[in-house]
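Enquirer: Take a look at this one; I'll ask things after.
Residue numbers (our numbering): 1 to 877.
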């Protein structure tokens with residue numbers, strides 16, 4: 001071993017010998033000098049001085065007698081208190097001289113009452129004037145407790161209560177104060193003390209609140225309360241106070257999140273002896289006989305008995321001797337949910353009364369899970385009403401990527417614009433829509449790249465996406481009147497788009513697009529340029545803006561060579577917005593030749609009219625056809641001459657493609673279709689109508705809805721009890737009504753001509769008794785369709801009853817880039833893939849048994865195309 005000396009020389013020592021190294025420090029002391037030999041000293045204090053109560057500061061003095069006048073019988077000490085560059089207090093202290101020798105020695109008290117004006121620090125100066133004109137003085141700093149002018153306090157009464165009991169909370173503050181109260185589990189405070197608001201923190205507050213009266217929550221925990229107030233006297237902050245919610249005797253109920261397909265449990269009654277801090281488990285075997293959300297209730301009571309419990313006499317608590325717990329249990333019918341809709345927009349002709357009848361036939365396929373079928377009918381007086389009611393779930397699918405998130409964002413803008421222009425916007429709808437806009441805005445920023453572009457999976461993607469960046473830029477700009485949008489984000493995206501162009505003015509396709517079903521669609525340079533140009537024009541850029549003007553020149557060169565309906569529809573809308581009426585009308589003429597008319601409906605397809613399924617009323621068109629038709633409608637309604645008769649035929653078809661939530665199949669068709677429908681609803685708005693809808697069946701069912709201007713936004717609905725069953729819907733009156741029949745049922749896996757192949761197995765196949773109750777789920781999947789690869793594909797893995805996914809094992813798939821993203825829920829794992837090709841991919845993750853459930857039924861694994869959800873495959877064995 002070696003030791004180091006200050007001169008950096010090393011000296012050897014025997015192995016194992018430790019030589020201590022001592023540190024040193026130096027302090028130089030110099031005597032205080034006073035020419036008069038007199039001194040004053042303010043005595044230092046430990047801790048802080050309190051506010052609003054008398055505080056004493058001691059001043060010691062030593063004054064030579066010859067420095068005082070011969071006839072003086074007293075002298076005066078003077079003091080000043082300064083804080084925040086101002087004198088806050090001053091005074092004199094009388095010191096009697098009396099009979100003394102050569103030195104006057106002693107101490108005096110300076111009594112101060114400190115206010116919030118001097119917090120957090122004061123300086124005290126004390127001095128005395130001597131007869132020869134000299135001054136003897138001393139000064140010192142003192143820390144003052146942080147305090148406020150507005151005296152706020154909070155106090156619970158009583159300090160200990162049973163869970164669920166009412167508790168009083170006394171709040172005191174100066175008159176006219178607005179106070180904010182927070183009550184939080186004390187364990188949260190202990191875990192994150194740095195987040196607590198204290199008098200030492202600099203705060204920037206934004207308060208959004210809704211007052212509500214609360215009972216003490218039904219949990220056994222200590223709750224901390226804190227209050228801050230603002231008022232005429234300023235800001236105030238209370239010290240925390242707490243209440244203990246304590247149940248001396250309680251019961252808990254452990255259930256799985258769901259089971260697959262209650263009745264009283266005979267014999268489910270137990271009596272047992274419990275000593276202090278003891279717990280026991282009791283088990284019941286329940287068998288679900290119907291699906292839905294069931295409530296299971298367990299009651300317990302501490303009984304008064306003379307029987308001994310472990311040699312002690314049981315004591316019944318004076319309070320809290322009983323406890324009841326009720327927990328929900330979801331009973332799934334099994335299989336996979338199917339949702340079908342039959343929608344009709346029924347309108348009276350101008351000057352005529354409405355009298356229309358429609359037959360609805362409810363039927364389900366043979367592979368339907370028994371007793372899983374259910375149906376309902378809804379009626380609304382406004383075409384946009386269904387979407388308005390379901391702004392948070394327009395699509396019956398996940399929202400896990402940057403494109404899908406926009407379906408939670410953009411439709412809110414069209415709804416708000418429509419309601420504003422038709423004078424129907426109320427505070428409730430506005431608040432709800434703004435909340436969705438704010439959360440969608442914040443979430444979308446997580447998919448932004450440093451260069452200003454956006455992509456489906458954010459920085460997990462190697463580059464941004466031209467199409468999505470234009471979509472986000474347009475949506476952020478349109479949302480600006482309703483919520484705060486940082487304009488730097490819009491400008492950043494515009495600059496990125498401007499820099500990603502070809503020399504001919506067309507935009508370059510950067511990044512991956514997931515919907516390749518549209519041949520010559522957005523992958524095509526012309527189509528992409530048309531889409532981006534539409535976004536720029538809708539943002540408000542004029543046609544003479546160089547980026548827009550050059551893009552329009554590029555598009556004009558390709559008009560004569562177009563042979564794709566999707567591109568024609570986009571260009572028709574583009575030139576309508578840019579004001580080029582001649583080209584817009586030329587393209588609309590071409591589109592008229594491609595239009596498909598069917599029973600008063602008008603739409604455009606990717607090719608010939610598509611074949612309908614076995615249930616024509618329940619047929620829904622592919623996403624691409626909805627999008628094409630919506631662009632044609634936008635072009636038609638944005639021009640100078642609006643053909644509302646033809647537009648009504650388009651809307652009649654579009655409305656029949658809506659899902660039960662007001663959306664359509666995917667993100668883009670939902671956004672574009674709702675924009676077009678909102679524009680049509682605005683152009684044809686009339687709140688003077690009054691319509692009655694009557695629903696009947698041969699079995700005696702009858703339900704009636706009355707719609708007028710007072711309830712046109714109210715969703716009215718009724719359950720249809722008989723499936724299979726035939727129902728008649730009659731509408732009478734004057735105006736329009738949107739009627740939608742929704743049929744839901746669960747189906748078992750079946751073999752079909754799917755465009756996917758999937759295989760699933762688990763390890764171990766049988767769980768040994770001493771196992772950790774974990775299973776490894778192995779999935780292999782591939783695309784078997786006619787193209788080289790699929791669109792963005794999703795794999796949904798349902799959990800077995802009582803099992804939950806092991807989150808860390810799923811997250812590994814993202815880290816290793818096997819998948820792009822995962823959404824983990826307690827009953828399902830959703831895996832996102834850029835695409836599936838003809839090469840098989842292999843995915844594995846773990847699930848863990850949380851609660852034992854007997855007679856397990858198979859869980860379903862589903863793989864499907866996000867843009868064409870009809871292309872799917874189910875696995876369940």
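Backbone N, C-alpha and C fix where the C-beta goes; we use that ideal spot for every residue, glycine too. None of the values given here were measured: they were computed from a predicted structure.
Pull up the distance between the alpha-carbon of residue 732 and that of residue 502, whole angstroms please.
Expert: Within the chain shown, the letter at position 732 stands for residue 732. Within the chain shown, the letter at position 502 stands for residue 502. Those two C-alpha atoms are separated by around 58 Å.
Enquirer: So residue 567 and residue 603 are supposed to be a Cβ contact under 8 Å. How far apart are they, rounded?
Expert: Against the chain shown, residue 567 aligns to sequence position 567. Against the chain shown, residue 603 aligns to sequence position 603. 17 Å between Cβ atoms; not a contact.
Enquirer: Is the beta carbon of residue 684 closer than 8 Å to that of residue 644?
Expert: Translated into the one-based positions of the chain shown, residue 644 becomes position 644. Translated into the one-based positions of the chain shown, residue 684 becomes position 684. Yes, they are a contact pair.
Enquirer: Could you check whether the stretch 324-344 touches the stretch 735-746, counting it as contact only if at least three pairs of C-beta atoms, one from each stretch, sit closer than 8 Å?
Expert: Short answer: they touch.
Enquirer: Whole beta strand (DSSP E) runs in the stretch 270-330 with 3 or more residues, listed along the chain?
Expert: Here the runs fully enclosed are 292-301.
Enquirer: Compare the C-alpha of residue 861 against each of 869, 525, 829, 855 and name the closest.
Expert: In the chain shown, counting from the first residue as 1, residue 861 sits at position 861. It is 829 whose Cα lies nearest to the Cα of residue 861.
Enquirer: At what residues does the alpha helix (DSSP H) containing residue 636 begin and finish?
Expert: As a position in the chain shown, residue 636 is number 636, starting the count at 1. Taken as a continuous stretch (DSSP letters only), the alpha helix (DSSP H) holding residue 636 covers 623-638.
Enquirer: Work out the CA separation of residue 631 and residue 518 for me, nearest whole Å.
Expert: Here residue 518 corresponds to residue number 518 of the chain shown, with the count starting at 1. Here residue 631 corresponds to residue number 631 of the chain shown, with the count starting at 1. Low confidence applies here, because residue 518 scores a pLDDT of 40, under 50, leaving its location unreliable; read the following figure in that light. Taking the straight line joining both Cα atoms gives about 14 Å.
Enquirer: Note the first and the last residue of the continuous beta strand (DSSP E) segment covering residue 153.
Expert: Translated into positions along the chain shown, residue 153 becomes position 153. Run containing residue 153: 153-157, per the beta strand (DSSP E) assignment.
Enquirer: In terms of residues, what are the limits of the alpha helix (DSSP H) holding residue 441?
Expert: Mapped onto the chain shown, residue 441 falls at position 441. It spans 427-444 - the alpha helix (DSSP H) in which residue 441 sits, taken as one unbroken run.
Enquirer: Identify which residue in 572, 374, 383 has its Cα closest to the Cα of residue 737.
Expert: Reading the chain shown from its first residue, position 737 is the one you call residue 737. Ranking the options by Cα distance to residue 737, first place goes to 383.
Enquirer: Could you give the distance in angstroms between the alpha-carbon of residue 908 and the alpha-carbon of residue 780?
Expert: Past the edges of the chain, shown from 1 to 877, lies residue 908, and the structure says nothing about it.
Enquirer: Taking one C-beta from the stretch 44-61 and one from the stretch 105-117 each time, how about it: are there three or more such pairs within less than 8 Å?
Expert: Result yes; three or more Cβ-Cβ pairs closer than 8 Å.
Enquirer: Buried or exposed: which applies to residue 885, given that a residue is buried once 16 or more other Cβ atoms fall within 10 Å of its Cβ?
Expert: With the chain running from 1 to 877 in the structure shown, residue 885 is simply not present.
Enquirer: What does residue 541 pair with, by DSSP beta-bridge criteria?
Expert: Taking the first residue of the chain shown as 1, we reach residue 541 at position 541. Looking at the DSSP assignment, residue 541 forms no beta bridge with any residue, so it has no partner.
Enquirer: Would you call residue 348 buried or exposed, if buried means 16 or more other Cβ atoms sit within 10 Å of its Cβ?
Expert: For the purposes of this step, residue 348 is identified with residue 348 of the chain shown, where counting begins at 1. So residue 348 counts as buried.
Enquirer: Between residue 806 and residue 256, how many whole angstroms is the CB-CB distance? I'm expecting something under 8 Å.
Expert: As a first step, residue 806 is located in the chain shown; it is residue number 806 there, counting from the start. As a first step, residue 256 is located in the chain shown; it is residue number 256 there, counting from the start. That belief does not hold up - the Cβ atoms of residue 806 and residue 256 are roughly 16 Å apart, past 8 Å.
Enquirer: Count the other CB atoms, across all protein chains shown, that sit within 10 Å of the CB of residue 284; report buried if there are 16 or more and exposed otherwise.
Expert: Here residue 284 is taken as the residue at index 284 of the chain shown, counted from 1. The residue in question, residue 284, is exposed, as its Cβ has fewer than 16 Cβ neighbours within 10 Å.
Enquirer: Which residue wins for smallest C-alpha separation from residue 710, given the options 686, 326, 724?
Expert: Counting from 1 along the chain shown, the entry for residue 710 is found at position 710. Here the closest residue by C-alpha is 686.
Enquirer: Rounded to whole angstroms, what's the CA-CA distance from residue 156 to residue 716? Just pull it up for me.
Expert: Locating residue 156 in the chain shown gives position 156, counting from the first residue. Locating residue 716 in the chain shown gives position 716, counting from the first residue. Distance between the alpha carbons of residue 156 and residue 716 is about 45 Å.
Enquirer: In whole angstroms, what is the alpha-carbon distance linking residue 898 and residue 719?
Expert: What is shown of the chain runs 1 to 877, which leaves residue 898 out entirely.
Enquirer: As a quick exercise: from 298, 288, 293, pick the residue whose alpha carbon is nearest that of residue 282.
Expert: Translated into the one-based positions of the chain shown, residue 282 becomes position 282. Taking only the C-alpha atoms, the option nearest residue 282 is 298.
Enquirer: Could you give the uninterrupted runs of the beta strand (DSSP E) lying entirely in the stretch 744-815, keeping only those of 3 residues or more?
Expert: Listed in chain order, the complete beta strand (DSSP E) runs (minimum 3 residues) inside the stretch 744-815 are 756-763, 774-783, 793-798, 803-805.
Enquirer: Taking residue 456 and residue 403 to be in contact with their CB atoms under 8 Å, please state how far apart those CB atoms are, rounded to whole angstroms.
Expert: Taking the chain shown and counting its residues from 1, one reaches residue 456 at position 456. Taking the chain shown and counting its residues from 1, one reaches residue 403 at position 403. Going by Cβ atoms, the distance from residue 456 to residue 403 rounds to 5 Å, so yes, they are a contact pair.
Enquirer: Below 8 Å on the Cβ atoms is my guess for residue 896 versus residue 126; work out the distance and round it to an integer in Å.
Expert: Nothing about residue 896 can be reported from this structure: the residues present for the chain run from 1 to 877 only.
Enquirer: Counting only the same chain and skipping the five closest in sequence on each side, list residues whose C-beta sits under 7 Å from that of residue 810.
Expert: On the chain shown, residue 810 is found 810 positions in, with the first residue counted as 1. Here the set comprises 822, 824, 829, 845.
Enquirer: Looking at C-alpha atoms only, which residue of 835, 650, 333 is the closest neighbour of residue 787?
Expert: Looking up residue 787 in the chain shown gives position 787. Per the Cα distances, 835.
Enquirer: Run through the stretch 338-377 for me and flag every whole beta strand (DSSP E) of 3 or more residues, listed as ranges in chain order.
Expert: Correct list: 354-362.
Enquirer: Within a Cβ cutoff of 6 Å, which residues of the same chain sit near residue 175, ignoring the five residues on either side of it in sequence?
Expert: Numbered from 1 along the chain shown, position 175 holds the residue referred to as residue 175. Counting only Cβ-Cβ distances below 6 Å, and skipping sequence neighbours, we find nothing.
Enquirer: Measure the beta-carbon distance from residue 493 to residue 466 and round it to whole angstroms, keeping in mind my assumption that it falls under 8 Å.
Expert: For the purposes of this step, residue 493 is taken as residue 493 along the chain shown, with counting starting at 1. For the purposes of this step, residue 466 is taken as residue 466 along the chain shown, with counting starting at 1. 10 Å between Cβ atoms; not a contact.
Enquirer: Exposed or buried, residue 681, counting other C-beta atoms within 10 Å across all chains shown (16 or more means buried)?
Expert: Position 681 of the chain shown, counting from 1, holds the residue named residue 681. Buried.
Enquirer: Do three or more CB pairs link the stretch 23-41 to the stretch 128-146 at distances below 8 Å?
Expert: Because the criterion of three Cβ pairs below 8 Å is met, the stretch 23-41 and the stretch 128-146 touch.
Enquirer: For a quick check, are the C-beta atoms of residue 777 and residue 847 less than 8 Å apart?
Expert: Here residue 777 corresponds to residue number 777 of the chain shown, with the count starting at 1. Here residue 847 corresponds to residue number 847 of the chain shown, with the count starting at 1. Yes; because the gap between Cβ atoms is below 8 Å, this pair is in contact.
Enquirer: Can you look up residue 148 in the DSSP assignment and give me helix, strand or coil?
Expert: By 1-based counting over the chain shown, the position of residue 148 is 148. It is coil, neither helix nor strand.
Enquirer: Specify the secondary structure class of residue 389 as computed by DSSP and reduced to three states.
Expert: Numbered from 1 along the chain shown, position 389 holds the residue referred to as residue 389. Three-state result, residue 389: helix.
Enquirer: Are residue 147 and residue 178 closer than 8 Å when you measure CB to CB?
Expert: Within the chain shown, numbered from 1, the residue matching residue 147 stands at position 147. Within the chain shown, numbered from 1, the residue matching residue 178 stands at position 178. No; because the gap between Cβ atoms is not below 8 Å, this pair is not in contact.
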